[in-house]
Amino acid sequence: MTVITPPETATLAAATASRSTAFWRLKGFPLIPVTILLFIAFVAVFADVLAPYDPQIGSLARRFKPPVWQEGGSWAYLLGTDHVGRDVLSRLIFGARVSMIVGLTAVLVAGVIGTLLGILSGYLGGWADQVVMRVTDTWLALPALTFAIFLAAIVGPSELNIILILGLVYWTRYARVIRGEVLSLKQREFVRLAIVAGCSKRVIMWRHILPNVINSAIVLATLMLGVVIVTEASLSFLGVGVPPPKPAWGLMMADGKKGLMVGYWWLTVFPGICIMLMVLSANLLGDWLRVKLDPQLRQL
Amino acid sequence: MTAVLQAEDVTKYFAGRRGLFGGHRGVVRAVDGISFAIDGGKTLGVVGESGCGKTTTAKLVLGLEDPTGGTILFEGRDLVALDAAGRRNYRKSVQAVFQDPYASLNPRMRISAVIAEPLITNETVAPDAVRTRMLEMLDLVGLPARSADLFPHEFSGGQRQRIAIARALVLSPKLVVLDEPVSALDVSIRAQILNLLRELQDRLGLSYLFIAHDLAAVAHMSHEIVVMYLGKIVERGEAQALAREPLHPYTKALFAAALPSHPDERREDVVLQGGSAEPAQSAERLSLPSALPPRHGALRQRGAGGARRRRSHRRLPSL
Amino acid sequence: MKQYIIRRAGYSLLSLFLLSLTIFLFVRVTGDPIALLTEPGASQDDIEAMRHQFGLDQPLWMQYWHFVASFLTGDLGQSFYYRTPVLDLYFQRLPNSLLLAAVAMALSLLIGIPSGILAAVRVDRFWDSAGKIFALLGLSLPQFWVGLVLILVFSVYLGWLPSSGSGTFLHLLMPAFTLGWYFAAAHMRMTRSSMLEVLGSEYVKLARLKGLPESLVIGKHALKNALIPVITLAGINLVVMINVAVVVETVFAWPGIGRLLYEGVTFRDFPVVQAVVVIGGSMIILVNFLVDILYALIDPRIRLES
Amino acid sequence: MSQEPLLSLEHLSAHYVSQQGTRVVRAVDDVTIRLGAGETLGIVGESGSGKSTLALTIMRLLPPAARIVGGRIMFEGKNLVDKPEAEMREVRGKRIAMILQDPMASLNPLFTIGNQVGEPLRVHEGATRANAWQRAIALLKSVRIASPQTRVAQYPHEMSGGMRQRIVGAIGISCEPRLLIADEPTTSLDLTIQAQYLNLLRELQREHGLALIFITHNLGIVAKMCDQLAVMYAGRVVEKGPVARIFNAPAHPYTKALLGSIPRMSDNRRQLTAIDGQPPDLSSLPAGCSFAPRCPAAFARCRAEAPPEFALDDGRTARCWLAAPGVAQSLDAQAAK
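Structure follows, in structure tokens:
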């Protein structure tokens, strides 16, 4: 084997480059991940119609029923019941809603803050840049989960708080990447030509910078979706996320953990699979987008 | 006749980068007291090696950098003293074409928007008038009208450079700064662009500031050439005469290093040959003979014999 | 060089300042600090006394000064739950965290570096794809999920390993693997991309053009260059591991710093939470600083550039 | 030229095939070139003409997507195409050396100069560490690096750019190869440094009796350095022969146009003869001659059928129907009608 690529034949060089640098490259469109994400979104939207039971009300009379295919299971509770007799399937369905709402909103909040600050700091430079970058550096030094736990401990658990916390913790990731892109865009000749043409800074940032970083922001957002969902689930698992009795997947696993040693495996395995599927799908989609939209981010 | 643009003793110093905790570094004299003038309809060529200050010169003329000292006169008026309207007028009158045709066009804008942007930014023109003007420009640079609705990635390097030229000319500027406009292009495309630039100059009476490292291209395009070395102009003169008979030791060395255009012109390497004991860090930069007087002799005016087309009123600084 | 170190040190100090300011302001601005700083269920009189004791009736900058000053003197407050100084608690738990991090790091490097090299050398072939799947799972699966599945398999069904606690080497295996997998994935990715970059470099091309056997090209010319960023990352990650093991330590009831943080949150023991976050952040800032200096020592070009 | 050429490419073709196998890029197509010992050959072409792929083909270091699909590479009487990789490795660096586009980046930053210069000696000649070190010092001296004894123990970042070029040159000649291939050796260099580097290469050539191949897009380098010239267009050699003859009277319309499109110092403000259109996409070449769409002299046959290599009287060949025996006359006759 060899990695010498010919400097000529530009088309081929590009093909070879994507061969070697794309990390999780997939052949073509990631159909299965997108289907899974759409399915979860569908379930989240129509949770009220789809769920057979109220996710928050159970009956102690039917605690710890196993899934239907196991001895003692029944068709009434396909995936069994939990320690207070709530239907696991219904809780999973409503849990999808929590994950979707928290994930998407937090990613959006972080993305908007991070992208805007990244552009401003990268393009304007000077003091604005120094301040944004120092804050970014410092906040990135705090492990995201630890930082989120700290914030959650201060403000107390609620869905809205979790969204704000995740937005606050993760905007720095966008800011760092976007700023880097802006710095290189700034050196590109079309930006200098825009200055020569008399465009104002506002116009340049809006018309020449933003459209050229938006792809990176989208790719980042897709990749961040997985990260945010894991963090939300971890916070809920640790008891500082979505407050009970709301059915969040992480919370369900924390509750189910107690039953694990005595064999109530379905309480932890099912929500775990849900989280895993969603995160994997988001990551696969993000990787495909990265290769598709933005060759510069391939090494990310 | 007055020059379109005149630079007098212009300097640009850069301080070493100063961060929040950065100490003060030495001053870089990117451009160090240069003077030149560009006449209407003429081309001034600038040659020199990397780091000689030619790109900084272009930035100063384009207003991308402010000079540390000296004056730049546009149609006889000092740029620094211009009011807002005068500055706008200057912006409209001086445009640029840069080296990299792939970086010169915003990949997210259609060609129509790329070309029309200077027009929309600087003037209030009705949309259909903008469109008409834009199509006119496409025609001028030899591209079909349907190009307008495409995106930059659909064009080859040479075509993109045509688009960049169309954009530069949309405001009918008087002066166009051409910073290495063909060095990123394929050999067979270069001549197309150089011919186009020449043709547009004749047709529209444009002045060019032509910057390149390819001496033959500069000699071919320019009426007058200045040679820069370490931020200073070391020689200037009528293009043909300077190319035929360089006077300054650096210019001599530079032109001697130029590649021949025909095997018969092969020189047996007069210069740069003798360095068996290479000084530690100076291999990149040819060191000038120490006989060269440091300041006053740095700029030699060419003798009358070699400068048929040279204008008589050209002033040289403090000789 | 001296100037470079001073500048880097300046940035680090600034980061430490911003870190303390962040912690301080979040506590003061969001909600009532007294609710966090006093024990749950304290009487009204106690609260008033505390308000005075913490200087919450003083101007904000004075409060900040006290906050920093007490941290600098090593006074991180008193744990409500354990009723001992927080710093003592921290140092009690630190060895456990270090042990876990060290084993997890060893695992992650043993898995990550060889598989990263293999993936880069066999780019787009079987081992590359296998490595990608491994890394993708490592980076996507929540640690508590991995941990619980391990418990289910190895403790509940097979009964081979203890599900929680500490003391023996067997206790260490599952938490170290859970923590290490995520970082193995990160190290594999880094090794792979760094290796690919080096394999595409001019000097590796020249090495091939010299006619060197492939073993020398990869083993000598590529590997040494490619591993520098990986080892750097590993150095930083060792410190990061101590601070992100919350979930793993909670799942396996491993008595480290992460478990301390979890307890702090559950028992509403705010001084503990605050201390863990501040010390963790400071540690990482310090390590980043050290790595910068080390890099500059190894590679003089960095000094010249910045 | 000697009876037995040092290097002889015979109908050599190397193609890139895309992963799906649907796109074939004929980067090197039916190339026949001969080069005698001690001669200097320039291979000129624009980007995408296949000239760099040709160099990698000779070294047998093509990227995984490309492979040699036909022809022979006869070097010192042996066909390199058939050689097993292990034997090929003994040719690389020992019999054929190659210098890359960017001499600045060609040195490994983590090893001493002595280690890197001596490396081919250790691998190819089994020299001991100490012996390789001593010979590295001698090599540095021979490329005129001052105080080689100290330089040899230093690292690349301690060297100036000019010195690094010389060091790369020293690596190239370390095993006294017969052939040195330089791929765009001076593209990124300033004029004066370019001149220094070219002079160094010429001196090395004279001292060691090397054959040299310059791969470049710059006709100036060819004019300065080369005896023989091969002009490539779209993967094929369209014209080849002695440099002076081609410059004086190019036979192929592409060569003619290329020479006419280059500005010269002496002829100020003359209109250049531009070549219309764009270089073709190698994965979808036109039927017939690939230069036909841009060719001012193209006629019906050019668009239908690709011309073979016609030998001209003066040791030249041209891939053009105009050079076919009798064609020019018949065209004249047609024009006369």
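Residue numbers (the numbering used here), protein chains in the order written: chain A, 383 to 682; chain B, 13 to 331; chain C, 11 to 316; chain D, -15 to 321. C-beta atoms are modelled at their ideal positions from N, C-alpha and C, and glycine is treated no differently. Remember, it's a predicted structure, so these values are computed and weren't measured experimentally.
CB contact check: residue i to chain B, cutoff 8 Å
i                      : result
residue 580 of chain A : yes
residue 61 of chain D  : no
residue 236 of chain D : no
residue 571 of chain A : yes
residue 395 of chain A : No answer about residue 395 of chain A holds up, because its pLDDT of 36 lies below 50 and its placement is not dependable.
residue 501 of chain A : no
Chain D within 8 Å of residue i, Cβ atoms only
i                      : result
residue 93 of chain C  : no
residue 229 of chain C : no
Residue i, DSSP secondary structure in three states
i                      : result
residue 73 of chain B  : helix
residue 105 of chain B : helix
residue 290 of chain B : With a pLDDT of 34 at residue 290 of chain B, under the threshold of 50, the modelled position of this residue cannot be trusted; read the value that follows with caution. Looking at residue 290 of chain B - three-state DSSP - the assignment turns out to be coil, as it is neither helix nor strand.
residue 88 of chain C  : strand
residue 196 of chain D : strand
residue 287 of chain C : helix
residue 167 of chain D : strand
residue 149 of chain D : helix
residue 218 of chain B : coil
residue 198 of chain B : coil
Presumed contact (8 Å Cβ cut-off) between residue i and residue j, rounded CB distance
i                      : j                      : result
residue 187 of chain B : residue 105 of chain B : 6 Å
residue 29 of chain C  : residue 292 of chain C : 7 Å
residue 422 of chain A : residue 488 of chain A : So it is not a contact: roughly 16 Å between Cβ atoms.
residue 207 of chain D : residue 278 of chain B : 7 Å
residue 22 of chain B  : residue 72 of chain B  : 6 Å
residue 164 of chain D : residue 81 of chain D  : 5 Å
Cβ of residue i within 8 Å of any chain A Cβ
i                      : result
residue 289 of chain C : no
residue 235 of chain C : no
residue 74 of chain C  : no
residue 110 of chain B : yes
residue 100 of chain B : yes
residue 200 of chain B : no
residue 71 of chain C  : no
Cβ pair residue i, residue j closer than 8 Å
i                      : j                      : result
residue 157 of chain D : residue 27 of chain D  : no
residue 445 of chain A : residue 431 of chain A : no
residue 193 of chain B : residue 111 of chain B : yes
residue 218 of chain B : residue 227 of chain B : no
residue 227 of chain C : residue 217 of chain C : yes
residue 164 of chain B : residue 172 of chain B : yes
residue 555 of chain A : residue 496 of chain A : yes
residue 174 of chain B : residue 245 of chain D : no
residue 198 of chain C : residue 112 of chain C : no
residue 170 of chain B : residue 197 of chain B : yes
residue 120 of chain D : residue 146 of chain D : no
residue 642 of chain A : residue 161 of chain C : yes
residue -10 of chain D : residue 74 of chain D  : no
residue 162 of chain D : residue 56 of chain D  : no
Proximity test, residue i beta-carbon vs the ligand NAD heavy atom, cut-off 7 Å
i                      : result
residue 170 of chain D : The model on display carries no ligand, and the ligand NAD is accordingly not part of it.
is_contact[residue i, chain C] using C-beta, thresh 8 Å
i                      : result
residue 419 of chain A : no
residue 662 of chain A : yes
| field | Runs of alpha helix (DSSP H) lying entirely within the segment 224 to 250 of chain B, each at least 4 residues, in chain order | value | 227 to 233
| field | Ranges of the beta strand (DSSP E) found wholly within the segment 216 to 249 of chain C, counting only runs of at least 3 | value | none
| task | Jot down the residue ranges of each uninterrupted beta strand (DSSP E) in the segment 43 to 104 of chain D, minimum 3 residues, whole runs only, in chain order. | result | 50 to 59, 80 to 83
| Segments assigned alpha helix (DSSP H), at least 4 residues, entirely inside the segment 538 to 609 of chain A | 541 to 569, 571 to 578
| query | What are the start and end residues of each continuous alpha helix (DSSP H) run of 4 or more residues lying completely inside the segment 624 to 648 of chain A, in chain order? | reply | 631 to 642
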